[in-house]
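*Asks:* Read in order, the letters of the sequence shown are residues 113 to 372 in my numbering. My questions will all concern the structure given below.
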Amino acid sequence: MSKNAKQGLPLGIDVGGSGIKGAPVDLAAGAFASKRLRIDTPAASTPEAVAAVIDQIVDHFEDVRGDSPIGVTIPGVVTHGVVRSAANIDKSWLDFDAEPMLEKKLGHDIVLVNDADAAGVAELHYGAAKGQKGLVVMTTLGTGIGSALIFDGKLIPNSELGHLEIDGFDAESRAASSIKDKEGLSYPEWAERLQRYYSHVEALLWPDLFVVGGGVSKDAEQFLPLLKLKTPIVAATLQNKAGIIGAAHLAQEEHDRRQK
113 MSKNAKQGLP LGIDVGGSGI KGAPVDLAAG AFASKRLRID TPAASTPEAV AAVIDQIVDH
173 FEDVRGDSPI GVTIPGVVTH GVVRSAANID KSWLDFDAEP MLEKKLGHDI VLVNDADAAG
233 VAELHYGAAK GQKGLVVMTT LGTGIGSALI FDGKLIPNSE LGHLEIDGFD AESRAASSIK
293 DKEGLSYPEW AERLQRYYSH VEALLWPDLF VVGGGVSKDA EQFLPLLKLK TPIVAATLQN
353 KAGIIGAAHL AQEEHDRRQK
């Protein structure tokens with residue numbers, strides 16, 4: 113067994129609507145320490161069913177031991193371990209105090225965090241926002257629009273900027289990448305909607321940097337250059353690894369804080 117395995121590596125687990133993915137993370141490198149494991153999200157994605165899958169993922173990795181903190185992302189607002197919204201997961205998560213249940217099930221310290229917040233933390237420490245001062249707005253363009261606010265290196269959780277009302281619509285119902293695909297929009301057509309969205313966020317917050325994540329960020333050169341903003345806007349660098357890496361980072365931070 114490796115030296116790292118004996119120390120117990122933090123584990124990041126990213127719970128999505130279609131899959132639950134996890135990997136131990138080397139925080140010095142900001143990279144997976146082992147190949148990630150993905151298991152389909154149960155059709156009835158209740159807390160108990162999702163916890164059972166997470167338990168399988170924990171058991172799969174020998175580098176994750178009893179002293180390993182675990183970070184878990186969820187597609188919803190999380191306040192003090194309680195899930196306050198449920199996008200793409202079973203509605204039984206609403207107002208569910210999930211952290212104690214997961215800690216009991218897994219036998220590890222758990223940090224539960226919004227998925228976009230975890231991605232933002234990963235980009236701050238290892239990706240496109242590294243070294244950036246001031247306000248960073250990270251957005252994830254996917255089924256919806258997730259967001260993370262980071263000010264001078266500190267996460268401001270649960271911003272939910274995808275649900276801003278713009279022109280009478282919930283923003284993500286017009287500008288998410290899933291809407292681009294559903295309506296068959298070209299990148300220039302979609303960029304018009306993104307322009308309206310990012311201009312609105314810019315006028316509200318005046319950030320120092322926008323970072324754009326989600327799977328579509330791999331095609332960023334097809335739409336980001338079409339946007340005319342005062343704020344620099346760049347593609348995320350960690351892509352679909354960001355949630356796992358950010359969750360592990362936040363879990364280790366909390367673990368270290370508790371040890372003091």
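We put the beta carbon where it would ideally sit given N, CA and C, even for glycine.
Starting from the C-beta of Leu339, find all residues in its chain whose C-beta is less than 8 Å away, skip the five residues before and the five after it, and write them out in chain order.
*Replies:* Excluding residues within five positions, the ones whose Cβ falls inside 8 Å are Ala303, Leu306, Gln307, Tyr310, Ile345.
*Asks:* Please report the residue range of the beta strand (DSSP E) in which Gly124 lies.
*Replies:* 123 to 127
*Asks:* Consult DSSP for Lys342 and reduce its assignment to one of helix, strand or coil.
*Replies:* coil
*Asks:* Within 10 angstroms of its Cβ, does Gly325 collect 16 or more other Cβ (buried), or is it exposed?
*Replies:* buried
*Asks:* Opposite Asn226 in the DSSP bridges: which residues?
*Replies:* According to DSSP, Asn226 bridges with Ile186.
*Asks:* Please classify Ser289: does DSSP put it in a helix, a strand, or coil?
*Replies:* helix
*Asks:* Leaving out five residues before and five after Ser114 in sequence, what residues of the same chain have Cβ atoms less than 7 Å from its Cβ?
*Replies:* With a pLDDT of only 39 at Ser114, under the threshold of 50, the placement of this residue in the model should not be trusted; the figure read from the coordinates follows. None.
*Asks:* Looking at the structure shown, is Val109 part of a helix, part of a strand, or coil, going by DSSP?
*Replies:* Shown here, the chain extends from 113 to 372; a query on residue 109 therefore has no answer.
*Asks:* Is the beta carbon of Ile186 less than 8 Å from the beta carbon of Leu218?
*Replies:* no
*Asks:* Note down, one range per segment and in chain order, each beta strand (DSSP E) of at least 3 residues found wholly within the stretch 299 to 363.
*Replies:* 321 to 325, 345 to 347
*Asks:* Taking all protein chains shown into account, do 16 or more other C-beta atoms lie within 10 angstroms of the C-beta of Leu316, making it buried, or fewer, making it exposed?
*Replies:* exposed
*Asks:* What are the boundary residues of the alpha helix (DSSP H) that includes Leu218?
*Replies:* 210 to 218 is the extent of the alpha helix (DSSP H) around Leu218.
*Asks:* Just to confirm before moving on: does the CB-CB distance between Thr153 and Ile166 stay below 8 Å?
*Replies:* no
*Asks:* Give a yes or no on contact between the stretch 118 to 127 and the stretch 359 to 369, applying the rule of three or more CB pairs nearer than 8 Å.
*Replies:* yes
*Asks:* Leaving aside the five residues before and after Lys118 along the sequence, list all residues of the same chain whose C-beta is less than 6 Å from its C-beta, in chain order.
*Replies:* Per-residue confidence for Lys118 stands at a pLDDT of 46, beneath the threshold of 50, marking its modelled position as unreliable; the derived number appears in the next sentence. Within the same chain, Lys118 has no close Cβ partners at all.
*Asks:* Does DSSP put Leu267 in a helix, in a strand, or in coil?
*Replies:* strand
*Asks:* Beta strand (DSSP E) containing Pro159: first to last residue?
*Replies:* No beta strand (DSSP E) contains Pro159, which is instead part of the alpha helix (DSSP H) from 159 to 172.
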